[in-house]
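K.L.:
Supplied in structure tokens, the structure appears directly below.
Following this line, the structure appears as structure tokens:
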């Protein structure tokens, strides 16, 4: 049970594909506590029968054996805890069981052992089941892998793979570890990993994650990580660690449960001591023992941790890494979501759609100069420009000016590339405005303070963006777009997605400051790529990283990481977290209500030990059953977003311009 119950139990950890697979009993009848509870229950029934048949002495000894069998599930743990200075619910139960036997209430002591063992066993099984569901992700790794070594194809265990090996993946086979495609083209089914149902086209140079299914032709994949260090193994390890982290609700339960145990012992001692002064000492001693059981906070101690384990495990199986109870609970309180534009609301595959040379230059000069500055950049706009240009010689002394652009030396000339405003568009101002109104991002290139031209890049809106915003609105969650892009481009894309609040032309530090402003006393989440948006992710109550599969930085900097690129996972995980938080609060309220009702009834003698044990343990079973509900995920309903008011030009493709004029779409 939880620490406040019977001492901490070590959770199984995944350290890779070869981690210990045993995460608990596979079937409910294999749970040790339930096995002992069954033995104790049978002995109790036999003892009752013997007593009714007139064999009182034999019946009493059999019932005593029942009490011992039931107590075997919690007394050893209690004694170990006491040697380490820990006093928990097991301590209360041990005192109550021993006291009941001493007072001759053998039947009640046996009932306590049976019911408490059942509650412990059900909790153990529930936790094992949720962890087993998480560890089942590692079952996505095939037992063998085909590898080319010295020109010969051999079959190996995934643990024997080495970095640099060439795996051969045939149609329908799963990848044993992470790698990069070196030969062939295919489509990859990532549904079991990221939750995305649509296969992803992949070719030479593309990444293949462990567990991905090859849905197309045969491919050769160069191994880039050991099986024990694959993205899949790392995800399981991170989530299992996250399940151990405590949210504020769990800390609340701990804050109540820990001092409650010694307080209950003091209360029971006072009841026994003061009652003995004014009445029958044995009667008041019995009531004190009943109070010990009635006030047991075991249901309270397990109410939140079990909910967290169930909910975090379920989220991980649906494409979302939630890093512990704190993140889960905070996620359930979110009322505002701020979204980055590039890579979050858009596909993150920008393309050059127009090149506008200034007088005296041509398209190739503009592209080659821009590409020279962007040669070593990892920014999505840089990739688009490099893809459109011939392989350039990198510029020298390139420096990034945060929020503005790049500057450096190219072929002996001082060169700059950046957003309009940092570099004046001059005679191209009108065309730049038209391109921005069409949803394109425009960068200007300048050499020796002379404008060379403009390049327009556009990253298309994700097709599910409008649907996601509609879902968030239905969840009563406000949305806002935060972007460093220009106002015209940002507004055009926001209109298409259905977002009414747009903040553009922001530096990274501006985004972080704006998150604080948008909060307005309501919990806020920031959704970004986990790298450029790191300040905003850290400032928000919950930072959510998109497309984090295999990206260490995204996983480490965010509280929640969406493993895939389908934005529909965002409202799904928010809805799931709300459900889990409701379950947490229900469990805490129920646990406290049970304690509040049973204590006065036990202290006044209205309820005996047998009744209190029955009511208390049934309540604990109810809490466990309710906590398991947190693992349920309900698909979001289909919605038809209202048609946004979108400039007609946004729906038209922009054509490359090679003559200096504006594109046809403008």
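Numbering (our numbering), first residue to last: 38 to 703. The beta-carbon is built from N, C-alpha and C at its ideal position, and this holds for glycine as well.
(1) Taking buried to mean at least 16 other C-beta atoms within 10 Å of its own C-beta, is residue 461 buried or exposed?
(2) Do residue 248 and residue 177 come within 8 Å of each other at the CB atom, strictly closer than that value?
(3) Tell me which residue opens and which closes the alpha helix (DSSP H) that residue 487 is part of.
(4) Using a Cβ-Cβ cutoff of less than 7 Å, which residues in the same chain neighbour residue 579 once the five nearest sequence positions on both sides are dropped?
(5) Within the same chain, show all residues whose beta-carbon is closer than 8 Å to that of residue 656, passing over the 5 residues directly before and after it, in chain order.
(6) If we count the other Cβ atoms within 10 Å of its Cβ and call it buried at 16 or more, is residue 653 buried or exposed?
(7) Judging by CA-CA distance, which residue of 378, 258, 341 is the nearest neighbour of residue 523?
(8) Pull the bridge partners of residue 251 from the DSSP assignment, please.
(9) How should residue 450 be labelled, buried or exposed, when 16 other C-beta atoms within 10 angstroms of its C-beta is the threshold for buried?
(10) Can you tell me where the beta strand (DSSP E) holding residue 450 begins and where it ends?
(11) Can you grab the Cα-Cα spacing for the pair residue 559 / residue 514, in whole Å?
(12) Going by DSSP in three states, residue 58 sits in which element: helix, strand or coil?
(13) Residues bridged to residue 183 by DSSP?
(14) If you draw a straight line from the C-alpha of residue 438 to the C-alpha of residue 444, how long is it?
(15) Just mark residue 241 as buried or exposed, buried being the case when its beta carbon has 16 or more other beta carbons within 10 Å.
(16) Suppose you measure from the CA of residue 745 to the CA of residue 671; what does that come to, to the nearest Å?
(17) Within 10 angstroms of its Cβ, does residue 401 collect 16 or more other Cβ (buried), or is it exposed?
(18) Does the Cβ of residue 525 lie closer than 7 Å to at least one heavy atom of the ligand PLP?
(19) Could you spell out the range, first to last residue, of the alpha helix (DSSP H) harbouring residue 525?
(20) Since residue 389 and residue 425 are thought to touch, with beta carbons under 8 Å apart, how far apart are those beta carbons, to the nearest angstrom?
(21) Within a Cβ cutoff of 6 Å, which residues of the same chain sit near residue 191, ignoring the five residues on either side of it in sequence?
(22) Note down the Cα distance separating residue 499 from residue 526, rounded to an integer number of angstroms.
(23) Step through the CB atoms of chain D and report whether any lies within less than 8 Å of the CB of residue 71.
(24) Kindly confirm or deny that the segment 326-336 and the segment 603-620 touch, where touching means at least three C-beta pairs closer than 8 Å.
(25) Short of 8 Å in beta carbon distance, which residues of its chain neighbour residue 180, apart from the five on each side in sequence? Order them along the chain.
(26) Between which two residues does the beta strand (DSSP E) holding residue 542 run?
(27) By alpha-carbon positions, which one of 322, 105, 268, 221 ends up nearest to residue 645?
(28) With a threshold of 8 Å on Cβ separation, who are the neighbours of residue 619 within its own chain once the five nearest residues in sequence on each side are excluded?
(29) Anyone know if the C-beta pair for residue 411 and residue 453 falls short of 8 Å?
(30) With distances taken from CA atoms, which of 464, 465, 475, 481 is nearest residue 456?
(31) Between the Cα of residue 358 and the Cα atoms of 142, 182, 212, 614, which residue gives the shortest distance?
(32) Using only alpha-carbon positions, find the residue among 375, 536, 67, 518 that is nearest to residue 576.
(33) If residue 188 and residue 251 are in contact, beta carbons under 8 Å, what's the gap, nearest whole angstrom?
(34) Which runs of the alpha helix (DSSP H), 4 residues or longer, sit entirely within the segment 425-482?
(35) Give me the DSSP bridge partner(s) of residue 394.
(36) Measuring alpha carbon to alpha carbon, tell me which residue in 566, 549, 553, 554 is nearest residue 573.
P.N.:
On the basis of the data shown:
(1) Residue 461 is exposed by the Cβ-count criterion.
(2) yes
(3) Note, residue 487: premise wrong, no alpha helix (DSSP H); beta strand (DSSP E) at 487-495.
(4) 364, 367, 368, 371, 562, 596, 597
(5) 336, 627, 628, 631
(6) buried
(7) 378
(8) 225
(9) exposed
(10) 450-455
(11) 10 Å
(12) Here the model assigns residue 58 a pLDDT of 43, short of 50, so the residue's position is not dependable and the matter cannot be decided.
(13) 192
(14) 8 Å
(15) Its Cβ having fewer than 16 others within 10 Å, residue 241 is exposed.
(16) Nothing about residue 745 can be reported from this structure: the residues present for the chain run from 38 to 703 only.
(17) exposed
(18) This structure lacks the ligand PLP; in fact it carries no ligand of any kind.
(19) 524-534
(20) Right, their Cβ atoms sit about 4 Å apart.
(21) In chain order, 184 place their CB closer than 6 Å to the CB of residue 191, counting only its own chain and leaving out the 5 sequence neighbours on each side.
(22) The straight-line gap separating the alpha-carbon atoms of residue 499 and residue 526 is approximately 15 Å.
(23) Annotation note: the requested chain D is absent from the structure, which comprises a single protein chain.
(24) Too few Cβ pairs lie closer than 8 Å, so no.
(25) Hits under 8 Å: 194, 195.
(26) Taken as a continuous stretch (DSSP letters only), residue 542 belongs to no beta strand (DSSP E), as it is neither H nor E.
(27) Looking from the CA of residue 645, the closest CA among 322, 105, 268, 221 belongs to 322.
(28) If you ignore the 5 residues before and after residue 619, its C-beta comes within less than 8 Å of the C-beta of 369, all in its own chain and listed in chain order.
(29) no
(30) Considering only alpha carbons, the answer is 481.
(31) Out of 142, 182, 212, 614, the CA that lies nearest to the CA of residue 358 is found in 614.
(32) 375
(33) Contact doesn't hold; Cβ gap of about 22 Å is too wide.
(34) 466-474
(35) 490
(36) 549
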